[in-house]
Every structure is written in C-alpha cells, then in structure tokens.
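Step one of this worksheet: look at the structure below.
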Amino acid sequence: MTTVLAVVRPRDSDIDALCARLHALRDDQLALIVSSRAEVHLPGVVAAPGLGVGAITWECVTDRSVRGLLGHPAVFAALHGKAEVETAVTLLPIATGYAETAAPVVKRTLLLKVRPDAPPSERERFQADLAAMPTHIPTIRSWRLSRVAGSGADRERWTHAWEQEYATLDGLTGEYMINPFHWTTVDAWFDAEVPDHIVEPELAHLFTMRDAPWSRAELAIS
Amino acid sequence: MTMEAGTPEIGILDRVTLPRSEADPWIERLQHQYRPSAEARGLTLAGMWQTRADESDAVEVVVLWTLPGPREFFGMRATSHTDAVTAWWRETDALALSRERRVMRRTDGP
Chain A
1 MTTVLAVVRP RDSDIDALCA RLHALRDDQL ALIVSSRAEV HLPGVVAAPG
51 LGVGAITWEC VTDRSVRGLL GHPAVFAALH GKAEVETAVT LLPIATGYAE
101 TAAPVVKRTL LLKVRPDAPP SERERFQADL AAMPTHIPTI RSWRLSRVAG
151 SGADRERWTH AWEQEYATLD GLTGEYMINP FHWTTVDAWF DAEVPDHIVE
201 PELAHLFTMR DAPWSRAELA IS
Chain B
1001 MTMEAGTPEI GILDRVTLPR SEADPWIERL QHQYRPSAEA RGLTLAGMWQ
1051 TRADESDAVE VVVLWTLPGP REFFGMRATS HTDAVTAWWR ETDALALSRE
1101 RRVMRRTDGP
C-alpha cells in the first residue's frame, strides 16, 4: 500500500460535496482504496494560488501510485469536470511516529523541495532535524516524514512531505512555531539568508481539522 | 523592544570573512544597503566587530542582530526571500572567503 497526497480544488465551490465524493471512494470495490481523507484547508494556510484556502488536502491510502489513482475510473468520475487536482504526490515514508490522541485533531502538511544540488549528506542531516522535531516539540502527536514522487508538473515541484497531527490548532501556531529547536536549528535549512540552506522558497503550509487521527496501523502501512 | 513573557530574545550572528581590502567597503554597503531593509523587517543591529581571520590578508566581520522573539523572527523570515535580500547575499558571497549565519536563543534573559 502507498499513500497519495493531493491538493484538490472544487470548480463549483461546493467543497463539502467534493469531500463527500472523495470519502465515498472508500466504498468503491474496484478502486481498492483503504482510506480516503478529504479535509478542508483552514484559514491561515500559506501556499501558492490554488493550493490554499478554498482547497482540500486529500490523503488516500491505495495500492496505486498517484498516476494510477488519478487515472482510475472511479476517481476520474469523482473529479472530472468538478474539481482540479492542483498538486499530487505519492509518499515514500522515511520515518513515522505514533501518539494516541483524542479526536478531533489538527493535521498539518508541509510540502517542500530540497534543491537538486544539495549534497546527500546535507539532505540526511535535514531529514534528521525534521524527524527530531517531535522529540523537542511536545505538541506534535503522530507524524510522518516522507520523500515524495510526483508525475508531470509535480515531478520537480516537491521532494518531501512533513506531516504532523496536533491536539489543538494552538499546538501548531503556538508551541511548534516558538520552540527554539524550530528557529535555531530546523529553520536554517529553509532560510535563504543562511548560506547552507537547502530548501527552495516555495512551500505549501497546509492544515485542516481531522475527525479521526491516524491509527498506528495506518501509519505502519503507509 | 518588546519582550514577550517567557520567550527569549533572539540573536542572529553573521560571520563574514573578507579580503582585508574589501572589508571596509562591505561594511559601508551593509550600513547603507542591507541595514535599512533589515531594520524594516524588524531586525536591530546590536553591534559589529572586526577580528583576525585565518588568512593574513583577510579579516572576519562579525555582525550581531537581535529580534524580540520567535513571532518577530518568523515575521522577518516571511520577507527574507525578496530580490533585494537575495541580491545582497549573492554579492556578498561572490566576495567573501567564507560566511555563516547562526540563529541563537538568549540564555541570560528573563
């Protein structure tokens, strides 16, 4: 099984109907979709036009890569003429962590691109710093750090997805942001004024409410 | 400078090693080009020092900036990708023998 992560925008502004159609894909016997989470972006997300407010994050566990999923007749029927897939990637998880958390939670996704000329040793240090954040920042509950594979225009757009769940939005907008490990250590990889930064300026900082947190099993199969 | 209760002051330390002949002109340009835009982004220049470098014909310029706290830091960071800032460091890196920037948490504050 793999997880496909997509940002989808409804054409007719009926975002609830789009979420319902994507949720319903779980019931399609032929699509082989294990879980389908479609969650509306909350105010405050920061992303390029099309990816932010008014769009949703669709997280789909399936036996297909992103091309196979979007080309499946059931998925095509749910989206065609009704929504735009603004970006979509297949997750290739590097590390995960599970923490039992009461519902609902806030799910945050950061999509980013590491510069192609970044040395492998620097990529590994960057990944290690991201994966260390839950150790330093107690409001991070379950989390997943992945390399990503896109197709078409998304092949070059992103290299990593950094996902976390929080018990409250304040856990993200408060402790996550003000914790010194974030701004003394992790942010240096993103800061264009730091000579050895490796992350490109374009980011998609997305967060949603989530009715049911990740289960341990869900993270394990991703 | 406002200090949020319980949040530390942030220091940003730039260490730039330059050919000795280039140091004074670079400092002059920093004062007139980079500093105004940095201050507009919320940074305060706490001090600037010059010291020896490993090479005899080079000097190290040490520049310390401060910010009241992490929210001001990320406010500053939100505008750190502008063309002017990018151009400043590109021109500096073309000149500098080495450079580093460290973001630091104050440990002797309230």
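So the sequence lines, in the order shown, correspond to chains A and B. Heads up: the first sequence is residues 1 to 222, going by my numbering. Heads up: the second sequence is residues 1001 to 1110, going by my numbering. The beta-carbon is built from N, C-alpha and C at its ideal position, and this holds for glycine as well.
1) Is the stretch 16-34 of chain A in contact with the stretch 90-103 of chain A, if contact means three or more CB pairs nearer than 8 angstroms?
2) If you drop the 5 nearest sequence neighbours on each side, which residues of the same chain put their C-beta closer than 6 angstroms to that of M1001 (chain B)?
3) Could you name the residues of the same chain whose beta carbon sits closer than 8 angstroms to that of R11 (chain A), not counting the 5 residues immediately before and after it, in chain order?
4) Straight-line CA distance for E122 (chain A) to T57 (chain A)?
5) Could you give the distance in angstroms between the alpha-carbon of P49 (chain A) and the alpha-carbon of L79 (chain A)?
6) What's the gap between the Cα of R64 (chain A) and the Cα of E156 (chain A)?
7) Quick one: which chain B residues come within Cβ less than 7 angstroms of V194 (chain A)?
8) Of the residues A:A118, A:I140, A:V34 and A:M1, which one's Cα is nearest the Cα of Y176 (chain A)?
9) Assuming contact is defined by CB atoms lying nearer than 8 angstroms, are R210 (chain A) and P104 (chain A) in contact in what I supplied?
10) Taking the C-alpha atoms as reference points, what is the distance between I198 (chain A) and T184 (chain A)?
11) Quick check on A220 (chain A): buried or exposed, where buried means 16 or more other Cβ atoms within 10 Å of its Cβ?
12) Tell me the residue span of the beta strand (DSSP E) that contains S146 (chain A).
13) Tell me the rounded alpha-carbon separation between S215 (chain A) and A1094 (chain B).
14) Determine, using beta-carbon pairs with one atom in the stretch 1044-1063 of chain B and one in the stretch 1078-1093 of chain B, whether at least three such pairs fall under 8 angstroms.
15) Okay, do the stretch 35-53 of chain A and the stretch 12-19 of chain A touch, 3+ Cβ pairs below 8 angstroms being the bar?
16) What's the C-alpha gap between R1099 (chain B) and H72 (chain A)?
17) In whole angstroms, what separates the C-alpha of A149 (chain A) from that of L70 (chain A)?
18) Taking a Cβ distance cut-off of 7 angstroms, strictly less, list which residues of the stretch 146-177 of chain A are near chain B, in chain order.
19) Take every Cβ of the stretch 1031-1044 of chain B, pair it with every Cβ of the stretch 1073-1082 of chain B, and state whether three or more of those distances are shorter than 8 angstroms.
20) For I1012 (chain B), which residues in the same chain have their Cβ closer than 8 angstroms to its Cβ, ignoring the five residues on either side in sequence?
21) Could you pull the start and end residues of the beta strand (DSSP E) that G97 (chain A) belongs to?
22) Give the residues of chain A in contact with S1080 (chain B), contact being defined as C-beta atoms less than 8 angstroms apart.
23) Which of the residues in the stretch 177-188 of chain A, read from start to end, lie with their CB under 9 angstroms from any CB of chain B?
24) Can you tell which of A:V61, A:A74 and A:G44 has the C-alpha that lies nearest to the C-alpha of S222 (chain A)?
25) Does V1062 (chain B) come within less than 8 angstroms of chain A when only Cβ atoms are used?
26) Give the C-beta separation of V8 (chain A) and E59 (chain A) to the nearest angstrom, bearing in mind that I take them to be a contact with Cβ-Cβ under 8 angstroms.
27) Please identify the residue among B:A1046, B:Q1050 and B:R1041 whose C-alpha is closest to the C-alpha of I1027 (chain B).
28) Distance cutoff 8 angstroms, beta carbons only. Does W1089 (chain B) sit that close to anything in chain A?
29) Report yes if the CB atom of A47 (chain A) is closer than 8 angstroms to the CB atom of A204 (chain A), and no otherwise.
30) Could you tell me which whole alpha helix (DSSP H) segments of length 4 or greater appear in the stretch 1007-1043 of chain B?
31) Please determine, among A:A74, A:W189 and A:W158, the residue with the shortest C-alpha to C-alpha distance to Q127 (chain A).
32) Restricting to Cα atoms, I'd like to know which of B:T1107, B:A1084 and B:L1097 is closest to H1032 (chain B).
33) Looking only at its chain, what residues have a beta carbon closer than 6 angstroms to the beta carbon of A192 (chain A), apart from the 5 residues adjacent to it on each side?
34) Could you confirm whether any beta carbon from chain A is found closer than 8 angstroms to the beta carbon of T1002 (chain B)?
35) Checking contacts by CB at 8 angstroms: is P201 (chain A) closer than that to chain B?
The short version:
1) no
2) Taking the second sequence and counting its residues from 1, the one referred to as residue 1001 (chain B) is at position 1. Summary for M1001 (chain B): the model assigns pLDDT 42, below 50, so the residue's position carries little reliability, and this model does not support an answer.
3) Translated into the one-based positions of the first sequence, residue 11 (chain A) becomes position 11. Same-chain partners within the cutoff: G81, K82, A83 and E84.
4) Residue 122 (chain A) sits at position 122 when you count from the first residue of the first sequence. Residue 57 (chain A) sits at position 57 when you count from the first residue of the first sequence. So the alpha carbons of these two residues sit roughly 29 angstroms apart.
5) Along the first sequence, one-based indexing puts residue 49 (chain A) at 49. Along the first sequence, one-based indexing puts residue 79 (chain A) at 79. Between P49 (chain A) and L79 (chain A), the C-alpha separation is close to 19 angstroms.
6) Start at 1 with the first residue of the first sequence, and residue 64 (chain A) comes out as number 64. Start at 1 with the first residue of the first sequence, and residue 156 (chain A) comes out as number 156. Distance between the alpha carbons of R64 (chain A) and E156 (chain A): 20 angstroms.
7) Along the first sequence, read from residue 1 onward, the residue named residue 194 (chain A) stands at position 194. Those within 7 angstroms of V194 (chain A) in chain B are R1101.
8) To locate residue 176 (chain A), count along the first sequence from 1; it is residue 176. Selected option, being the one with the closest Cα: A:I140.
9) Your numbering for residue 210 (chain A) matches position 210 in the first sequence. Your numbering for residue 104 (chain A) matches position 104 in the first sequence. Closer than 8 angstroms, so yes.
10) Along the first sequence, read from residue 1 onward, the residue named residue 198 (chain A) stands at position 198. Along the first sequence, read from residue 1 onward, the residue named residue 184 (chain A) stands at position 184. Cα to Cα, the separation comes out at about 16 angstroms.
11) Translated into positions along the first sequence, residue 220 (chain A) becomes position 220. When all chains shown are included, A220 (chain A) counts as exposed.
12) One-based indexing of the first sequence puts residue 146 (chain A) at position 146. Residues W143 to G150.
13) In the first sequence, the residue the question calls residue 215 (chain A) occupies position 215. In the second sequence, the residue the question calls residue 1094 (chain B) occupies position 94. In a straight line, the C-alpha of S215 (chain A) is about 51 angstroms away from that of A1094 (chain B).
14) no
15) yes
16) Start at 1 with the first residue of the second sequence, and residue 1099 (chain B) comes out as number 99. Start at 1 with the first residue of the first sequence, and residue 72 (chain A) comes out as number 72. Roughly 51 angstroms separates the two Cα atoms.
17) Translated into positions along the first sequence, residue 149 (chain A) becomes position 149. Translated into positions along the first sequence, residue 70 (chain A) becomes position 70. Computed Cα separation, rounded: 14 angstroms.
18) M177
19) yes
20) Working through the second sequence from its first residue, we reach residue 1012 (chain B) at position 12. Counting only Cβ-Cβ distances below 8 angstroms, and skipping sequence neighbours, we find L1043, L1064, W1065, T1066, L1067, R1101, R1102, V1103 and M1104.
21) On the first sequence, position 97 is the one that residue 97 (chain A) refers to. A83 to G97 is the span of the beta strand (DSSP E), which, as asked, contains G97 (chain A).
22) Taking the second sequence and counting its residues from 1, the one referred to as residue 1080 (chain B) is at position 80. Under the 8 angstroms cutoff, chain A gives D191, A192 and E193.
23) M177, I178, N179, P180, H182, W183, T184, T185, D187 and A188
24) For the purposes of this step, residue 222 (chain A) is identified with residue 222 of the first sequence, where counting begins at 1. The option with the nearest alpha carbon to S222 (chain A) is A:V61.
25) For this step, residue 1062 (chain B) is matched to residue 62 along the second sequence. No, V1062 (chain B) does not count as interfacial toward chain A.
26) Residue mapping note: residue 8 (chain A) aligns to position 8 of the first sequence, counting from 1. Residue mapping note: residue 59 (chain A) aligns to position 59 of the first sequence, counting from 1. Actually they are not in contact, since the Cβ atoms of V8 (chain A) and E59 (chain A) sit about 11 angstroms apart, beyond 8 angstroms.
27) For the purposes of this step, residue 1027 (chain B) is taken as residue 27 along the second sequence, with counting starting at 1. Comparing Cα-Cα distances from I1027 (chain B) to each of B:A1046, B:Q1050 and B:R1041, the minimum goes to B:Q1050.
28) Looking up residue 1089 (chain B) in the second sequence gives position 89. W1089 (chain B) counts as touching chain A.
29) One-based indexing of the first sequence puts residue 47 (chain A) at position 47. One-based indexing of the first sequence puts residue 204 (chain A) at position 204. Taking 8 angstroms as the Cβ cut-off, A47 (chain A) and A204 (chain A) qualify as a contacting pair.
30) 1020-1029 and 1035-1040
31) Residue mapping note: residue 127 (chain A) aligns to position 127 of the first sequence, counting from 1. Considering only alpha carbons, the answer is A:W189.
32) Residue 1032 (chain B) sits at position 32 when you count from the first residue of the second sequence. Nearest of B:T1107, B:A1084 and B:L1097 to H1032 (chain B), Cα basis: B:A1084.
33) Position 192 of the first sequence, counting from 1, holds the residue named residue 192 (chain A). Answer for A192 (chain A): no residue qualifies.
34) Taking the second sequence and counting its residues from 1, one reaches residue 1002 (chain B) at position 2. Confidence in T1002 (chain B) is poor, its pLDDT being 47 and thus under 50, which makes the residue's placement too unreliable to answer from.
35) Here residue 201 (chain A) corresponds to residue number 201 of the first sequence, with the count starting at 1. Yes, P201 (chain A) counts as interfacial toward chain B.
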